[in-house]
Amino acid sequence: MDPDEQQGPAQFLIQRLQSSDPSIKPGQPISIKRVSESFAKMQQQRGGDSSRDRGSSSDDALTPELLVPGFGTDVPPPMLAGFGPAAELMDVVVTDEDRKQALETIRRYDRNRDGVLKKDELSSRFSGNPMDFDRNKDGRLTEGELAVRYARRRQSSEQSRDDDRNRRRESDRSGDVEPPDVYGGRKSYRISGEKRAPEGLPGFFTDKDANQDGQVEMAEFATKWDDDTVNEFFQSDLNRDGVITAEEAIQAVERGASTPSATTMASTASASSDSSGSSEVGTPDEKMISYAERIIGRYDTNEDKKLVASEWKKMLMSPADADANRDGTITVTEYAWWMQSRSKR
Numbered sequence: 100m101d102p103d104e105q106q107g108p109a110q111f112l113i114q115r116l117q118s119s120d121p122s123i124k125p126g127q128p129i130s131i132k133r134v135s136e137s138f139a140k141m142q143q144q145r146g147g148d149s150s151r152d153r154g155s156s157s158d159d160a161l162t163p164e165l166l167v168p169g170f171g172t173d174v175p176p177p178m179l180a181g182f183g184p185a186a187e188l189m190d191v192v193v194t195d196e197d198r199k200q201a202l203e204t205i206r207r208y209d210r211n212r213d214g215v216l217k218k219d220e221l222s223s224r225f226s227g228n229p230m231d232f233d234r235n236k237d238g239r240l241t242e243g244e245l246a247v248r249y250a251r252r253r254q255s256s257e258q259s260r261d262d263d264r265n266r267r268r269e270s271d272r273s274g275d276v277e278p279p280d281v282y283g284g285r286k287s288y289r290i291s292g293e294k295r296a297p298e299g300l301p302g303f304f305t306d307k308d309a310n311q312d313g314q315v316e317m318a319e320f321a322t323k324w325d326d327d328t329v330n331e332f333f334q335s336d337l338n339r340d341g342v343i344t345a346e347e348a349i350q351a352v353e354r355g356a357s358t359p360s361a362t363t364m365a366s367t368a369s370a371s372s373d374s375s376g377s378s379e380v381g382t383p384d385e386k387m388i389s390y391a392e393r394i395i396g397r398y399d400t401n402e403d404k405k406l407v408a409s410e411w412k413k414m415l416m417s418p419a420d421a422d423a424n425r426d427g428t429i430t431v432t433e434y435a436w437w438m439q440s441r442s443k444r
């Protein structure tokens with residue numbers, strides 16, 4: 100077990116192993132043989148404790164204890180906590196309903212009746228990529244692995260329903276009072292409020308929106324204008340009405356618009372330093388970069404080696420926070436560094 104595989108949920112396992120074998124040192128390579136020996140020692144210790152507990156009760160002593168499951172009894176193996184960058188995706192509580200749904204899916208699509216689903220048995224009706232949940236990367240989905248996928252989908256649906264209820268509650272609280280038309284009938288504006296910025300919104304938009312009304316006007320975009328500044332502004336002002344809305348800024352990123360130059364950003368440099376909240380990207384290790392390339396390649400529909408909001412919205416876990424330079428796109432390096440940083444928490 101390499102040091103980079105001892106992060107996240109694996110830290111708890113290493114601490115347990117160290118309690119039975121003090122020679123195990125976190126952060127140093129641990130052989131599989133030593134892990135197996137430590138597990139065996141822990142099981143012996145638990146066995147001795149349970150024997151003493153049974154001896155203290157005469158009623159328990161009269162009750163036979165089955166040491167192995169009976170014949171014909173199916174006992175599914177427990178799903179252990181994952182290691183590496185995908186551990187968080189697997190870290191979810193699986194219910195009986197999730198297992199039931201997984202079993203029904205296998206019965207429906209398992210053409211050769213071997214009890215698992217292979218890649219060629221997966222239907223195009225499956226959303227996303229089910230093989231993301233192939234924990235041991237053997238090219239097969241077991242009932243347990245598929246149950247984790249359904250548990251993650253259920254969790255996402257529950258979170259979405261909670262968000263909808265909260266929005267309706269806030270809407271009911273605010274009432275149906277229509278705000279006065281202070282813009283003279285102009286349609287390119289958004290009512291200000293505490294609404295969270297949509298995913299994929301480039302950082303220049305929030306930096307330049309000085310009055311936080313949800314739009315960037317020409318006076319906010321730059322103080323000095325020339326042909327280059329006008330062209331930069333019109334990259335995001337898609338309807339050429341002199342105002343950039345959040346929707347237009349996101350669409351511009353989707354079309355490949357570049358980030359405003361340092362000259363136009365200078366007028367909002369102080370605001371940017373206070374509100375950017377971005378973090379520098381370090382150098383991720385090669386294993387994490389390889390993992391990031393596989394994930395991004397799976398959802399990168401235009402094959403430009405990076406993701407925009409319309410591409411990453413298909414992922415079960417939103418990687419929006421990986422956009423370190425706040426340009427509305429996520430590169431392989433940004434995604435790899437984000438995953439590596441999360442695994443070390």
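For the sequence shown, position 197 (counting from the first letter as 1) is numbered 296 according to our numbering, and the numbering increases by one without interruption. Think of the CB as a built atom: it goes at the ideal place given N, C-alpha and C, for glycine as much as any other residue.
Given M438 as reference, the closest of N424, P418 and R425 once Cα atoms are compared: For M438, the nearest C-alpha among the options comes from P418.
Where the beta strand (DSSP E) containing Q314 begins and where it ends: Counting along the chain, the beta strand (DSSP E) containing Q314 begins and ends at Q314 to E316.
From E244, F303, S442 and I343, residue whose alpha carbon lies closest to that of N235: Among E244, F303, S442 and I343, the Cα nearest to that of N235 is on E244.
Start and end residues, alpha helix (DSSP H) containing T204: Per DSSP, T204 is one residue of the alpha helix (DSSP H) stretching across D195 to Y208.
Under the three-state DSSP convention, the category R115 falls into: Of the three classes helix, strand and coil, the one that applies to R115 here is helix, per DSSP.
Given 8 Å, three or more beta-carbon pairs between the region 216-230 and the region 238-257: Touching, yes, given that three or more Cβ pairs across the two stretches are closer than 8 Å.
Where V192 falls, given that 16 or more other Cβ within 10 Å makes a residue buried: V192 comes out exposed.
G214 vs T241 beta-carbon contact at 9 Å: It is a contact, given that the beta carbons lie within the stated cut-off.
Any 3 or more C-beta pairs closer than 8 Å across the region 422-431 and the region 337-354: Cβ pair count under 8 Å is three or more, so yes.
Local Cβ density within 10 Å of G129, reported as buried at 16 or more and exposed below that: It should be noted that the sequence gives Ile, not Gly, for residue 129. It is buried - the Cβ of I129 has at least 16 other Cβ atoms within 10 Å.
Opening and closing residue of the beta strand (DSSP E) in which T344 lies: In the DSSP annotation of this structure, the continuous segment of the beta strand (DSSP E) that includes T344 starts and ends at V342 to T344.
Spatial neighbours of D308 in its chain, beta-carbon cut-off 6 Å, leaving aside the 5 residues before and after: Same-chain partners within the cutoff: V315.
E410 versus K199 - alpha carbon distance: Roughly 31 Å separates the two Cα atoms.
Nearest-angstrom Cβ-Cβ length linking P359 and A435, presumed shorter than 8 Å: The Cβ separation is near 26 Å, so there is no contact.
For T432, three-class secondary structure by DSSP: In the structure shown, T432 falls within a helical segment according to DSSP collapsed to helix, strand and coil.
Residues that R239 bridges to, as DSSP identifies them: Note: R239 sits in a beta bridge opposite K217.
E298 Cβ short of 8 Å to the ligand GDP heavy atom set: With respect to the ligand GDP, the structure offers nothing, as it holds no ligand at all.
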